[in-house]
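Reading through the structure tokens given below for one structure.
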Amino acid sequence: MAELTMGVGEDIYELVKRLFPIHRSITGKGFRESLRIIKEYLPEIEIGSIRSGERCFDWTVPEEWDIEEAYIEELPSGKRVVDIRDNNLHIVSYSEPFEGILTFEELEKHLHYREDLPDAIPYVTSYYHRTWGFCLSYNQFKSLDRSKKYRVVIRSSLFKGELNWGEVYIPGNTDKEVVFSTYLCHPSMANNELSGPALCTFLGRYIKSKERRKLSYRILFLPETIGSICYISRNLKRLKEKVIAGFVVTCVGDDREFSYLPSRYGNTLADKLALNILEHHTSGFKRYSFLDRGSDERQYCSPGVDLPFCSVMRSKYGEYLEYHTSLDNLELVSPSGLEGSYDIYTKMIDVLENNSVYVTTTLCEPQMSRRNLYHKISHLGWSGFTKLMMDFLAYADGLNDLIDIANIIGKSAYELIEVKDILLKHGLLREL
26 MAELTMGVGE
36 DIYELVKRLF
46 PIHRSITGKG
56 FRESLRIIKE
66 YLPEIEIGSI
76 RSGERCFDWT
86 VPEEWDIEEA
96 YIEELPSGKR
106 VVDIRDNNLH
116 IVSYSEPFEG
126 ILTFEELEKH
136 LHYREDLPDA
146 IPYVTSYYHR
156 TWGFCLSYNQ
166 FKSLDRSKKY
176 RVVIRSSLFK
186 GELNWGEVYI
196 PGNTDKEVVF
206 STYLCHPSMA
216 NNELSGPALC
226 TFLGRYIKSK
236 ERRKLSYRIL
246 FLPETIGSIC
256 YISRNLKRLK
266 EKVIAGFVVT
276 CVGDDREFSY
286 LPSRYGNTLA
296 DKLALNILEH
306 HTSGFKRYSF
316 LDRGSDERQY
326 CSPGVDLPFC
336 SVMRSKYGEY
346 LEYHTSLDNL
356 ELVSPSGLEG
366 SYDIYTKMID
376 VLENNSVYVT
386 TTLCEPQMSR
396 RNLYHKISHL
406 GWSGFTKLMM
416 DFLAYADGLN
426 DLIDIANIIG
436 KSAYELIEVK
446 DILLKHGLLR
456 EL
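Offset between the sequence shown (1-based) and the numbering used here: plus 25.
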């Protein structure tokens, strides 16, 4: 059973800190370097790849992009007013190489900032349109001298390379799979980018620590959107046959309330499980519609793919002030926030491992006193626990699984695992 492990939040946070400085995009050496660090924690991870120019459904894998240097110098002083050595977000991701001297008016067309967050550097990309640009805070922008000229240097490269992903497969006693999918393609953003991969790394270690596993598990570290599209395009048949539940894991590192985003119709095992655990093990959570989607659930739940994916998050992407800016930093996420998310996800794993359809073995109510079950010690109290067992048996009719029974009687499926185990031990229940 999952317990809130003392110190696991600090461990996850340390991994976030290690990954934070790396300049990542949807392709390139920064992405591969990040996977190599995760491999230290999960040696089973395999690195997949697909070449630039390959088709994946309606998409084409873009060229690989690497960035070595990018800055803006004020002339004639040579003072660097913007430099990616100060922050990875200063460059528009996938900027093409450029070097030249520009007037302020010429340069301004290539500058991105947010007036509503004057101290924040925005995150901007241009994966599929050739251009270049810099991102800076609005306060930085206002400090630029309009009468000066500026030297712009972008030493980047775009070339026929490959797109990569990381994949961990942890087999169980059956080939039915639970998938945790996360993305690893944004530079230096802690909650939106790194909380998901870091948490998934430690979920992998938790799953591996279970001596007996009924289910198999797959953890995917992808570039968002293009990565999931490519992976689905190469694995759709297996995914549709094997996956019983999936979760897009992102934005799980802050200390704010939890959020839930459903599958397209909100009627999958993953949805049912997520709602039960959130309702019984959080102080409250915000429930979104699939119309509020914005991450890889767009791909997993798309028509024709129809995989059972939902998302359990802290502050949902696009809904918190710091999203896609330099304010999404190491101060926004915390060990306690990460540990709280770890606790919710490990509880869901434990329920999945115990979730089956059950049927009572007796007609009418069993004689509980003959089995000394009226005196079972529990935090619920003797009579309370006995009633809980009787309520469980009342709906163990071969039609309901563990989560269904929990929802009918208004209890946590995680807490019903103990009830189920006792009833099985005394021969009052059998698994279908």
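Think of the CB as a built atom: it goes at the ideal place given N, C-alpha and C, for glycine as much as any other residue.
Every value quoted in this text rests on a predicted model; they were computed, and no experiment measured them.
Asked: Beta-carbon proximity check, S168 vs A145, cutoff 8 Å; Found: no
Asked: Local conformation of T439 per DSSP, three classes; Found: Correcting the residue type first, residue 439 is Tyr in the shown sequence and not Thr. It is helical.
Asked: Rounded separation between M26 and V178 - CA only; Found: Any reading at M26 is ruled out, since the residue's pLDDT is 37, under 50, leaving its predicted position unreliable.
Asked: R180: first and last residue of the uninterrupted beta strand (DSSP E) it sits in; Found: K174 to F184
Asked: Residue burial classification, A223 (beta-carbon count within 10 angstroms, cutoff 16); Found: buried
Asked: Cα-Cα separation, E282 to R139; Found: 26 Å
Asked: Cα-Cα separation, P187 to E89; Found: According to the sequence as given, residue 187 is Glu; it is not Pro. Each residue's alpha carbon lies about 6 Å from the other.
Asked: Where the beta strand (DSSP E) containing L377 begins and where it ends; Found: Per DSSP, L377 belongs to no beta strand (DSSP E); it is in the alpha helix (DSSP H), P360 to N379.
Asked: A145 - containing beta strand (DSSP E), residue span; Found: Counting along the chain, A145 falls outside any beta strand (DSSP E), and DSSP gives it neither H nor E.
Asked: Spatial distance of E356 from G343 (CA atoms); Found: 18 Å
Asked: CA nearest to the CA of F82, picked from S351, T387, T385 and V330; Found: V330
Asked: Where the beta strand (DSSP E) containing L245 begins and where it ends; Found: S241 to L247
Asked: Which residues DSSP lists as bridging A431, in chain order; Found: Answer by DSSP bridge pairing: none, since A431 is not bridged.
Asked: Beta strand (DSSP E) segments (min. 3 residues) lying fully within the region 70-107; Found: 71-76 and 89-100
Asked: Distance between P87 and Y152 (C-alpha atoms, nearest Å); Found: 8 Å
Asked: DSSP beta-bridge partners of F410; Found: Partner(s): none; F410 has no beta bridge.
Asked: Which of helix, strand or coil DSSP assigns to D331; Found: coil
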